[in-house]
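Top line first, the protein sequences correspond to chains V and S.
Per the numbering used here, the very first residue in the first sequence carries number 5; after that it's consecutive.
Per the numbering used here, the very first residue in the second sequence carries number 944; after that it's consecutive.
Each residue gets a CB set at the ideal place from its N, CA and C atoms; glycine is no exception.
In what follows, a structure is listed as structure tokens, so that the remarks can point back to it.
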Amino acid sequence: MVTKVLCVAEKPSIAKAVANHLAGGQVQTRNVQGNPYVKNYEFSYNFPTWGQCSVTMTSVLGHLTSHEFDPQYKSWRSCDPSALFEARIDTIVEDDKKPVAENIKRQAAYNKVLYIWTDCDREGENIGTEIRSVATQGNQSFRQPGNTVRARFSNIERAHIINAARSPVQLDEAQSNAVSARIELDLRIGASFTRNLTMSLQPMLQQRSGEDRSQVISYGSCQFPTLGFVVERYIRVRNFVPETLWGIKVMHEKDRIKVNFNWARGHLFDRMAVIILFERCLTAKTARVTKVQTKPTSKWKPLPLTTVELQKCGSRFLRLDSQRVMQVAEQLYQKGWISYPRTETDQFDRGMDLRALVQKQTQGGPWTQFAQDLMNGGFSQPRSGRNNDKAHPPIHPVNFVVPASLSQEEQRVHEFVVRRFLACCSQDARGSKTEISILYGSEIFNTSGLVVLEQNYLDVYPYDKWTSSQDLPDFREGEVFEPTEARMNEGQTSPPGYLTEPELIALMDANGIGTDATMAEHIAKIKDRDYVQTRPRARQQRQQGEEEEYEPAEAAEPDAGAGRGRGRGRARARGGRGGGAGRGGGATTGVQEFIPTTLGVALVEGYENMGFETSLTKPFLRKEMELRMKAICEGRKTKAEVVHESIEQYRDVYIRTQQRLDSLRAVTGTLVGTPGQNGILVSGTE
Amino acid sequence: MATSSPDEVSAPIQVYLTSKGTPPSPDWLQSFLPTIKLNTPIIALQKTALFRILATDLTTSLDKSSLVLLPATATTPAFKEQTIRGPLTVQVLDIEDIGHSRWSQVESIEAQERGETTKGREVIRVVPDEEADAAINTTQPASPGPHKLLLQDAAGTKIYAMELSSINGLNMQMTIGTKIVLRDVLVARGMLLLEGRTVQMLGGKVEVWEKKWREERKGRLTQGARG
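Written as structure tokens, this is what we have:
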């Protein structure tokens, strides 16, 4: 008796790939009524668990269901926004997803086992439970634990998929609940605050700006802190007061080499102090060498690649903003070229056969020779970082692909992933560093020289720079000399730059807001909502001795075929923003920096003014929410507890905001709206 | 235990305070004696006296005649260098961190005021970033100092001093009015150059000055930054 198994993946491309791997090519494809993208693939497969099976593999298109308030709360005027903290939430299937849901229900009736193949992260677990609940409507028996199972996989490579297929596990209810909690919180808090803010501020804004702007001032518990970082940096730059500083420079020429010595104190902000110290140097006349030390040094090869790191590097080296990088990485994953791009893990499991992966890269591409050298004995176990999300390995190439068969942007990202992986598997770069210290008067001065002896990983990873300095002449400890030149110099402090995307990502990560999966979305949202704008950073003057940064080989072209985005988060079918073609971002020269609009500044300032307890623009409220999500995943808290706790925190803030609404209006009003002003803060000439 | 008379205790107290570098003026001693219980052990009285005197303004509480004072040559920039043997007792009127820009210190204070350093509410603003230019643009001071002080001796003469090397206990948490004893200390162009071996921290403070100093610090730094 042949068992019938229904497999459901998260996206059509995954369904197709898995079906073909398992069926060995013997697949029958059927269309699905009402949707051109989703297909049902039919084939036979022998699962160890159930024996010979007749399999139907299909997919959904991201989240199957979405959540909305009970219709009586739909209109903004229907209730006080704070009622949304408790209002009933309905789970519905939106019109465009109805055919997909129907397909699942129908197929469910014919099958005995439901096998979930959604991506293995929290959102995936949640989508898995959505699929299960829809499928159960067509077949009650899926409710029983043994009849619904789940596949654990990190990439779409054939052997890996087959392995995964043969060892199903259970759906992780805890992770799914964490996502449900987040969805509910984002809905309640987002909606109530958005309505409240908009209704409170809109009339005044409209009056001020004179336009008929029915602008929604939207609130998101993660977007506001993200905006907060941008605004705070902006204000820091604006308020910056430059100060004069003084230093002492010593230069000595020996063996026809000019050696510059750096003052151990760096520089001081008191002119008198420096003059006095400088005079003592001159009085001493001679300097004595106190330390000559030559020792081996190395530049460590990079850590295995995580999502946050990919986004930062994407911004810095690949000229792709974080959202675009993730979209491209997602495409590469779906096509089976790289592993799952959403991971926090920066250590490779000891049992993983990394050599086999290196072997695959010897087949072609500009790194062929390097990969071959690794196979011929140069291979070295990658470094291990401190993070392991236990779900996925670090991002790595899974198969070989001819670069020319990928789009321009895919090539750039793919190349980065391959080079990074190969660099991880090679040796640290080695060199020899000489450090010399002298005592001149009462002051210590230092200089150093570097000789790079072995490039090693640097040969395949051009994104890091390490070059030999000039040769140093010989100095002996105890040697005394009269410096060729000693003088005092003066300089000035300069303001920091506006926040760049890699910096913003690093700040979000360091402050615990946004998971690797969502950071790029939050950044995209604050651009979307007109709270910030981006512009290329002006080329800054290079300081002496500063290394040139890596530049990508060709200028990029925007990629037209962006394909379906992930559509996660709120699960509403957006009209597709499409790649990086949005405002200000995308593939242009120079790293992008963020400038808040007047509205963005007004909101942050307004909230800052209301006091410490209400600050929605500080990360800690969101950070605490994220920690509570984690607690649900680890079984330490229930969804109900977390929703309750977070709602109470935000309700508190809501009440305080209400009490000080006038203060918020006052600040917003002052900052926004000289009639006709659009909200652009910084003109192009600044 | 028999109760001592004021005269009996005043001598040992005076000797003790003098040995510490803070010989009391007769006036101060007179004002101190009525405040103590004469049947307390003498050692405890001595300690109390030291504690109290360290909390006073040196220019009023010490006996100038039995103290080493700053020579006039010390405060003139004309003199390139000289050594003061001491022991020279001084009090701290002001302290600055001259290794970091005033503006960066203002920003630190403002971050604190916004609550960003409160436990559980910390906001990290600077992330170690490979491409960031190290020294000039950081706001969070890597290591504090060196520090520049404004000192005053018992005669009221003021002089600047600078740490040549880091001295234990000499930092921005130090209280205004702290007493220090200096020995064999260098003076160059009117500025004392302090090192660990020349400095002995006695401690103490003047409450009123300390409070005022802390309150005005941000304003002073801001003004100093603006030049």
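Would you call the segment 1107 to 1114 of chain S and the segment 1001 to 1017 of chain S touching, i.e. three or more CB-CB distances under 8 Å?
-> no
Three CB pairs or more closer than 8 Å across the segment 173 to 185 of chain V and the segment 62 to 70 of chain V = no
Would you kindly check if the distance between the Cβ of V/Q415 and the Cβ of V/A433 is under 8 Å?
-> If you number the first sequence from 1, residue 433 of chain V lands on position 429. If you number the first sequence from 1, residue 415 of chain V lands on position 411. No, these two residues do not count as a Cβ contact at 8 Å.
Identify every run of the beta strand (DSSP E) within the segment 592 to 634 of chain V, keeping only runs that are complete inside it and at least 3 residues long; order them along the chain.
-> 596 to 600
Taking three-plus beta-carbon pairs below 8 Å as touching, is the segment 1089 to 1102 of chain S in contact with the segment 1035 to 1052 of chain S?
-> yes
How would you label S/T965, buried or exposed, when you count the other beta carbons within 10 angstroms and need 16 or more for buried?
-> What you label residue 965 of chain S is simply residue 22 of the second sequence in a count that begins at 1. Buried is the call here.
Of the listed residues V/Y223, V/I165, V/E129, V/S158, nearest to V/Y654 (C-alpha basis) = Walking along the first sequence from the start, residue 654 of chain V turns up at place 650. It is V/Y223.
Beta-bridge pairing of V/P300 - partner residues as DSSP gives them = If you number the first sequence from 1, residue 300 of chain V lands on position 296. DSSP output for V/P300 lists V/S436 as bridge partner(s).
C-beta atoms of V/N151 and V/S158 nearer than 8 Å | As a working mapping, residue 151 of chain V is identified with position 147 in the first sequence. As a working mapping, residue 158 of chain V is identified with position 154 in the first sequence. No, the pair does not count as a contact, with Cβ atoms beyond the cut-off.
Straight-line Cα distance separating S/T1060 from S/V952 = By 1-based counting over the second sequence, the position of residue 952 of chain S is 9. By 1-based counting over the second sequence, the position of residue 1060 of chain S is 117. So the alpha carbons of these two residues sit roughly 49 Å apart.
Can you pull the chain V residues whose beta carbon is under 7 Å from the beta carbon of S/R1169, in chain order?
-> Taking the second sequence and counting its residues from 1, the one referred to as residue 1169 of chain S is at position 226. Chain V residues near S/R1169: V245.
With respect to the alpha helix (DSSP H) encompassing V/V245, which residues constitute its N-terminal and C-terminal limits?
-> As a working mapping, residue 245 of chain V is identified with position 241 in the first sequence. Careful: V/V245 lies outside any alpha helix (DSSP H) and carries neither H nor E.
Enclosing beta strand (DSSP E) for V/V93 [first to last residue] = On the first sequence, position 89 is the one that residue 93 of chain V refers to. The question names Val, but residue 93 of chain V in the sequence shown is Ile. Taken as a continuous stretch (DSSP letters only), the beta strand (DSSP E) holding V/I93 covers 93 to 96.
For V/L191, which residues from the same chain have a beta carbon less than 7 Å from its beta carbon, with the 5 sequence-adjacent residues on both sides left out?
-> Translated into the one-based positions of the first sequence, residue 191 of chain V becomes position 187. Closer than 7 Å at the Cβ level, and outside the excluded window around V/L191, lie H71, I93.
Could you have a look at V/T287 and say whether DSSP puts it in helix, strand or coil?
-> Locating residue 287 of chain V in the first sequence gives position 283, counting from the first residue. Three-state DSSP puts V/T287 in a helix.
By Cβ distance, which residues of its chain are closer than 7 Å to V/N24, with the 5 residues on each side in sequence left out?
-> Here residue 24 of chain V corresponds to residue number 20 of the first sequence, with the count starting at 1. The answer, listed in chain order, is V31.
Quick one: is S/M1115 buried, meaning 16 or more other Cβ sit within 10 Å of its Cβ, or exposed?
-> Here residue 1115 of chain S refers to the residue found at position 172 when the second sequence is read from its first residue. Exposed: under 16 other Cβ atoms inside 10 Å.
Measuring CA to CA, which of V/A375, V/D350, V/Q351, V/R354 is closest to V/L361?
-> Counting from 1 along the first sequence, the entry for residue 361 of chain V is found at position 357. Closest by alpha carbon: V/A375.
At a Cβ threshold of 8 Å, is S/E1050 touching chain V?
-> Residue mapping note: residue 1050 of chain S aligns to position 107 of the second sequence, counting from 1. Chain V, which has a Cβ nearer than 8 Å to the Cβ of S/E1050, makes this yes.
Comparing the C-beta of S/M1134 with each C-beta of chain V, is any distance below 8 Å?
-> The residue you call residue 1134 of chain S lines up with position 191 of the second sequence. For S/M1134, the answer is yes, since a Cβ of chain V falls inside 8 Å of its Cβ.
Is there contact between the segment 311 to 322 of chain V and the segment 369 to 383 of chain V, where contact requires at least three CB pairs shorter than 8 Å?
-> no
Flag this pair as yes or no: are the beta carbons of V/I252 and V/V278 separated by less than 8 Å?
-> Your numbering for residue 252 of chain V matches position 248 in the first sequence. Your numbering for residue 278 of chain V matches position 274 in the first sequence. Contact: yes.
Kindly indicate if chain S contains any beta-carbon less than 8 Å away from that of V/R390.
-> Here residue 390 of chain V refers to the residue found at position 386 of the first sequence. Output row for V/R390: interface = no.
Using a Cβ cut-off of 8 Å (strictly closer), state whether V/M276 contacts chain S.
-> In the first sequence, counting from the first residue as 1, residue 276 of chain V sits at position 272. It does; some Cβ of chain S falls within 8 Å.
Does DSSP put V/E236 in a helix, a strand or coil?
-> Numbered from 1 along the first sequence, position 232 holds the residue referred to as residue 236 of chain V. In the structure shown, V/E236 sits in a helix (DSSP, three-state: H, G or I).
For S/R995, which beta-bridge partners are listed by DSSP?
-> Counting from one through the second sequence, the residue named residue 995 of chain S turns up at place 52. DSSP lists no partner for S/R995.
Anyone know if the C-beta pair for V/V647 and V/L189 falls short of 8 Å?
-> In the first sequence, counting from the first residue as 1, residue 647 of chain V sits at position 643. In the first sequence, counting from the first residue as 1, residue 189 of chain V sits at position 185. Their beta carbons are under 8 Å apart, which means V/V647 touches V/L189 by this criterion.
What are the partner residues of S/P966, as DSSP defines its beta bridges?
-> Counted from its first residue, the second sequence places residue 966 of chain S at position 23. Bridge partners of S/P966: none, in fact.
So, helix, strand or coil for S/N1111, using DSSP?
-> Counting from 1 along the second sequence, the entry for residue 1111 of chain S is found at position 168. In this structure, S/N1111 counts as coil in the three-state DSSP scheme.
Counting only the same chain and skipping the five closest in sequence on each side, list residues whose C-beta sits under 7 Å from that of V/V456.
-> Taking the first residue of the first sequence as position 1, residue 456 of chain V is located at position 452. Answer for V/V456: A433, G435, W470, T471, S472, listed in chain order.
Can you list, in chain order, the residues of the segment 619 to 634 of chain V whose Cβ is nearer than 7 Å to any Cβ on chain S?
-> K622, P623, F624
With DSSP as the reference, label V/I252 as helix, strand or coil.
-> Start at 1 with the first residue of the first sequence, and residue 252 of chain V comes out as number 248. The answer is strand: DSSP assigns V/I252 an E or B state.
Burial state of S/Q973, where buried means 16 or more other Cβ atoms lie within 10 Å | Stepping through the second sequence from its first residue, residue 973 of chain S is reached at position 30. With fewer than 16 other Cβ atoms within 10 Å, it is exposed.
Answer yes or no: do V/F273 and V/L249 have a C-beta to C-beta separation smaller than 8 Å?
-> Locating residue 273 of chain V in the first sequence gives position 269, where the first residue counts as 1. Locating residue 249 of chain V in the first sequence gives position 245, where the first residue counts as 1. Going by C-beta atoms, V/F273 is nearer than 8 Å to V/L249.
So which residues of chain S does V/I280 contact, with C-beta pairs closer than 7 Å?
-> For the purposes of this step, residue 280 of chain V is taken as residue 276 along the first sequence, with counting starting at 1. Ordered by position in chain S, the residues that pass the 7 Å Cβ test against V/I280 are A1131, R1132, M1134.
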